[in-house]
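Written out below as structure tokens is the structure these notes cover.
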Amino acid sequence: MKWMEYTVELARKNQSEKGGKPFGAVIVKDGEMMAEGVNDVLETHDPTTHAELQAISRASRLLKTDDLTGCEIYASGEPCPMCLSAIYLSNISKAYFANPAEGNPLRKRQFTFTSRSACRMNKGITS
1 MKWMEYTVEL
11 ARKNQSEKGG
21 KPFGAVIVKD
31 GEMMAEGVND
41 VLETHDPTTH
51 AELQAISRAS
61 RLLKTDDLTG
71 CEIYASGEPC
81 PMCLSAIYLS
91 NISKAYFANP
101 AEGNPLRKRQ
111 FTFTSRSACR
121 MNKGITS
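Per UniProt numbering: the sequence shown = residues 1 to 127.
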């Protein structure tokens, strides 16, 4: 519970001190925090600067690997599809979140699609 409480506190501070969205995440390996991140979308105007992605990026740089097998991620909110993909692609072993997305007013966009329904996907090489 220690890491989840820390993650929720990160989210609170991000909102109260920086005016950011209330999302935080930490990456833990062998009981030690490797990295943390907060949602910086409002500050950077970059829709990819979610807390989970920030934490994954920092942990990868610290550990000098893109394979985070053996790591756990704790997130204050349920990861969106983009963050969930990054969790999967980085091989994080376990993921925990505090606040589910379903019915949550903070999560206005609920996703139920595949990559093919989100944008036109083409097979092969185009010129």
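Virtual Cβ for every residue (Gly too), placed ideally from N, Cα, C. Note that the structure is predicted; figures quoted are calculated from it, not measured.
Using DSSP bridges, identify the partner residues of A55.
For A55, DSSP records no beta bridge to any residue.
If I measure Cβ to Cβ from I87 and keep anything under 8 Å in the same chain, skipping five residues before and after, which residues do I get?
E52, I56, I73, P79, A95
Would you mind sorting E9 into buried or exposed? The rule is 16 or more other CB atoms within 10 Å of its CB.
exposed
Of all the options C71, L62, K64, V38, which has the alpha carbon lying nearest to the alpha carbon of Y6?
V38
Would you please state the rounded distance, in angstroms, between the beta carbons of S90 and D66? I believe it to be under 8 Å.
6 Å
Excluding the five sequence neighbours on either side, which residues of its own chain have a C-beta within less than 6 Å of the C-beta of H50, listed in chain order?
N39, C83
How many Å lie between N99 and K64 at the Cα?
30 Å
Starting from the N-terminal side, write out each stretch of the alpha helix (DSSP H) that is 4 residues or longer and does not extend beyond the UniProt domain "CMP/dCMP-type deaminase" (1-111).
2-18, 41-44, 51-63, 81-89
Using the C-alpha atoms, what's the distance from E36 back to L68?
14 Å
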